[in-house]
């Protein structure tokens with residue numbers, strides 16, 4: 041019960057932060073600039089925290105809270121691609137085609153290279169868990185393979201490929 045109250049208090053605080061950001065936008069500051077101004081003084085990366093926190097809400101089937109947090113903070117995010125991936129995760133149960141379109145759009149708007157490795161891994165993980173689109177999975181996997189440099193990355197990659205085909209036996 042205490043954990044639920046702490047979660048509610050945290051969400052209330054996050055929505056208050058969203059209101060402060062919106063007030064700055066209403067005063068004429070651009071959304072990303074308002075968020076950056078607050079982020080400069082934070083002890084942690086707020087954007088990463090929000091991504092992880094909303095992802096946990098999705099993992100715990102708290103889609104309403106996750107969606108509300110996404111709607112509140114999406115306009116303020118510097119790198120919205122990650123938050124679009126959360127949006128895709130939320131959509132899979134209702135509209136798989138729309139979710140896949142979001143993932144493909146994120147893939148297409150991501151500059152290719154070593155800096156794309158993390159987001160490519162995330163897209164593959166989402167597809168391994170929810171998706172049934174082998175051509176999209178293969179497209180992202182083929183691109184990612186070019187930039188894998190460590191044994192750990194290769195092991196993670198192989199695990200994702202195995203997961204995808206274990207969840208999608210018709211794709212084999």
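Residue numbers (the working numbering): 41 to 212.
Idealized CB from N, CA, C, for every residue including glycine.
Over what stretch of residues does the alpha helix (DSSP H) that includes residue i continue unbroken?
i           : result
residue 156 : Note, residue 156: premise wrong, no alpha helix (DSSP H); not H, not E.
residue 203 : 191-207
residue 123 : 120-131
residue 69  : Neither: residue 69 is in no alpha helix (DSSP H) and is coded neither H nor E.
Among the options, which residue has its Cα nearest to the Cα of residue i?
i           : options              : result
residue 91  : 127, 61, 208 and 185 : 127
residue 116 : 181, 203, 77 and 184 : 77
residue 162 : 66, 121 and 82       : 121
residue 208 : 172, 188 and 81      : 172
Please return the same chain residues whose Cβ sits closer than 8 Å to the Cβ of residue i, not counting the five positions on each side in sequence.
i           : result
residue 107 : 130
residue 176 : 140, 143, 144, 147 and 167
residue 118 : 72, 75, 76 and 87
Within the same chain, show all residues whose beta-carbon is closer than 7 Å to that of residue i, passing over the 5 residues directly before and after it, in chain order.
i           : result
residue 55  : 112
residue 103 : 130
Measure how close the beta-carbons of residue i and residue j come, nearest whole angstrom, since I'm counting them as under 8 Å.
i           : j           : result
residue 170 : residue 205 : With a Cβ gap of about 14 Å, residue 170 and residue 205 do not count as contacting.
residue 184 : residue 201 : Not a contact, Cβ separation roughly 10 Å.
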